[in-house]
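Below you'll find the structure, written out as structure tokens, and then a few comments.
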Amino acid sequence: MGGSLGSGFSNADRDFVTDQVPTLSNTPEGNRALIEVQKKIAQRKIQIAKLARDYAKTNEGRIDAGFDEALAGWSEQNPLFPTKAAGASTSKRRPVVIDGFTIEEID
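FYI, in our numbering the residues of the sequence shown are 144 to 250.
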């Protein structure tokens, strides 16, 4: 979650944040799904850092508004959680529901 949580951070906000990490009270499947999400987010941060370095190399060491546009285009071409075409899944795994939130299969 980067940044400041601010002064309007409610109990519901706190509950949402704490539900985003694996705990003993979650199901094993739910914990695996949360860990996979965290791994994908960490990998995406590494990819964005490399994109920023490469962009700066070709722009006299600067990161400017053009990087935001380049990143947006790259992100559209490389979604963090790609959607599958209807009926494309051959997996027998089912979505995991944690506290009312459904977490779909992650490849």
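Positions of the beta carbon are idealized from the N, C-alpha and C atoms, including for glycine.
Using DSSP with H/G/I as helix, E/B as strand and the rest coil, what is L177?
Working through the sequence shown from its first residue, we reach residue 177 at position 34. L177: helix per DSSP, three-state reduction.
Could you tell me whether the Cβ atoms of Y198 and I189 are closer together than 8 Å?
Your numbering for residue 198 matches position 55 in the sequence shown. Your numbering for residue 189 matches position 46 in the sequence shown. No, the pair does not count as a contact, with Cβ atoms beyond the cut-off.
Please list, in chain order, all residues of the same chain as M144 whose beta carbon is under 7 Å from its beta carbon, the five residues on each side excluded.
The count along the sequence shown starts at 1 and reaches residue 144 at position 1. Its pLDDT being 49, under 50, M144 is placed unreliably by the model, and nothing is read from it.
Looking only at C-alpha atoms, which of K193, Q186, D156, A176 sits nearest to D223?
For the purposes of this step, residue 223 is taken as residue 80 along the sequence shown, with counting starting at 1. Contrary to the premise, residue 223 reads as Leu rather than Asp in this sequence. The option with the nearest alpha carbon to L223 is Q186.
I need the DSSP call for D156, collapsed to helix, strand or coil.
Translated into positions along the sequence shown, residue 156 becomes position 13. Looking at D156 - three-state DSSP - the assignment turns out to be helix.
Applying the 10 Å Cβ sphere with the 16-neighbour rule, what's the burial state of G173?
By 1-based counting over the sequence shown, the position of residue 173 is 30. Buried: at least 16 other Cβ atoms inside 10 Å.
Express the C-alpha separation of Q163 and E179 in angstroms, rounding to a whole number.
Taking the first residue of the sequence shown as position 1, residue 179 is located at position 36. Taking the first residue of the sequence shown as position 1, residue 163 is located at position 20. Those two C-alpha atoms are separated by around 12 Å.
Once DSSP output is grouped into helix, strand and coil, what is the label at E203?
Counting from 1 along the sequence shown, the entry for residue 203 is found at position 60. It is coil, neither helix nor strand.
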